[in-house]
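What follows is a short report on a single structure.
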Amino acid sequence: QKEVEQDPGPLSVPEGAIVSLNCTYSNSAFQYFMWYRQYSRKGPELLMYTYSSGNKEDGRFTAQVDKSSKYISLFIRDSQPSDSATYLCAMSAGIQGAQKLVFGQGTRLTINP
Amino acid sequence: GAVVSQHPSRVICKSGTSVKIECRSLDFQATTMFWYRQFPKQSLMLMATSNEGSKATYEQGVEKDKFLINHASLTLSTLTVTSAHPEDSSFYICSGSPFNSNQPQHFGDGTRLSIL
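Order-wise, the sequence lines are chains A and B.
Sequential numbering from 257 applies to the first sequence in the working numbering.
Sequential numbering from 5 applies to the second sequence in the working numbering.
Now the structure itself:
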């Protein structure tokens, strides 16, 4: 069993839809939870960053962490074609600078105009 | 803030060539940087942890003599693929975060390496 599980998709939705992406994990030591967006042939771009459980909102994006269920989610409201990308969840146990990230497999998302 | 610059973005070279990839933190200092490899339609695979002023720590199965890492300053880490062969062709990405902070990792834009 992988340490972080993420459905690779592909996921295709119409423009304007609400998108729900999620990951599950098995390591209870994880405290830091990230969502990265990666366009083709580019490096991952940080979208959301959450410490421990709770919700965080930034514009059209909302990140949720439920440590009791070992489940994290990313919601995208009013999805746009420019949101089409691969979304990677990542997590780590400690202070970012020296801690390895454990990534999910990534979900390929397409927003259709 | 926390910008990571990676150079070059694309390399095409003949088999047997050694290739150096640079990873710079432009607006922060990083004692630790990470190097990843990514195959098409797959997630990032951590290759090694680059430590400023000391030896890199390699993940299991990664040949340290093939992938040489140097982290000589707080803003620059380099990955050299020595005597590259076609099977080394891949997308290489580095990341870093500000020293002694709780900021998440920021990634460079990657280097696409093609060995003919």
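Positions of the beta carbon are idealized from the N, C-alpha and C atoms, including for glycine.
As the structure is a computational prediction, the values presented were derived from the model and not from experiment.
DSSP state of SER81(B), grouped into three classes? strand
Would you mind working out which of GLN361(A), SER340(A), LEU344(A) sits nearest PHE258(A), comparing C-alpha positions? It is worth fixing the name first, because residue 258(A) is Lys in this sequence and not Phe. Ranking GLN361(A), SER340(A), LEU344(A) by Cα distance to LYS258(A) puts GLN361(A) first.
In chain B, which residues lie less than 8 Å from GLN361(A) when you measure between Cβ atoms? GLN46, SER47
GLY100(B) beta carbon less than 9 Å from that of ALA76(B): no
ARG364(A) versus LEU357(A), PRO337(A), ALA349(A), residue with shortest Cα-Cα distance: PRO337(A)
What's the call for PRO300(A), buried or exposed, on a 16-neighbour Cβ count within 10 Å? buried
Count the other C-beta atoms from every protein chain shown that fall within 10 angstroms of the C-beta of ALA341(A), then say buried if there are 16 or more, exposed otherwise. buried
Rounded to the nearest angstrom, what separates PHE43(B) and CYS98(B) at their Cα positions? 15 Å
Thinking just about the alpha-carbon of each residue, which of SER276(A), GLU271(A), GLY272(A), PRO270(A) is nearest to the one in TYR343(A)? SER276(A)
What do you get for VAL8(B), buried or exposed, if any count of 16 or more other CB atoms within 10 angstroms of its CB means buried? buried
Run the CB neighbour count on GLY112(B), radius 10 Å, all protein chains shown included, and call it buried at 16 or more, exposed below. Around the C-beta of GLY112(B), 16 or more other C-beta atoms lie within 10 Å, and the residue is accordingly described as buried.
Would you report the Cα separation of SER309(A) and ILE73(B), rounded to the nearest angstrom? Between the alpha carbons of SER309(A) and ILE73(B) lies a distance of about 36 Å.
If we ignore side chains and look at the alpha-carbon of each, how far apart do CYS27(B) and TYR40(B) end up? Looking at the two C-alpha atoms, the distance is approximately 12 Å.
Please identify the residue among MET51(B), HIS110(B), GLN109(B) whose C-alpha is closest to the C-alpha of VAL85(B). MET51(B)
Could you tell me if ALA349(A) is buried or exposed, where buried requires 16 or more neighbouring beta carbons within 10 angstroms of its beta carbon? Answer is exposed; the Cβ neighbour count stays below 16.
Quick check for students: name the residue ranges of the alpha helix (DSSP H) that lie wholly in the segment 285-348 of chain A, counting only runs of 4 or more. none
Taking ALA88(B) as the reference, which of VAL15(B), GLN64(B), GLY20(B) has the closest Cα? GLY20(B)
Taking Cβ positions only, does TYR343(A) come closer than 9 Å to chain B? no
Give the residues of chain B in contact with LYS356(A), contact being defined as C-beta atoms less than 8 Å apart. Neighbours of LYS356(A) on chain B, chain order: PHE38, LEU50, THR53.
Tell me which residue opens and which closes the beta strand (DSSP E) that HIS11(B) is part of. 8-11
Taking only runs that begin and end inside the segment 258-286 of chain A, name each unbroken beta strand (DSSP E) of 3 or more residues, in chain order. 260-262, 267-270, 275-281
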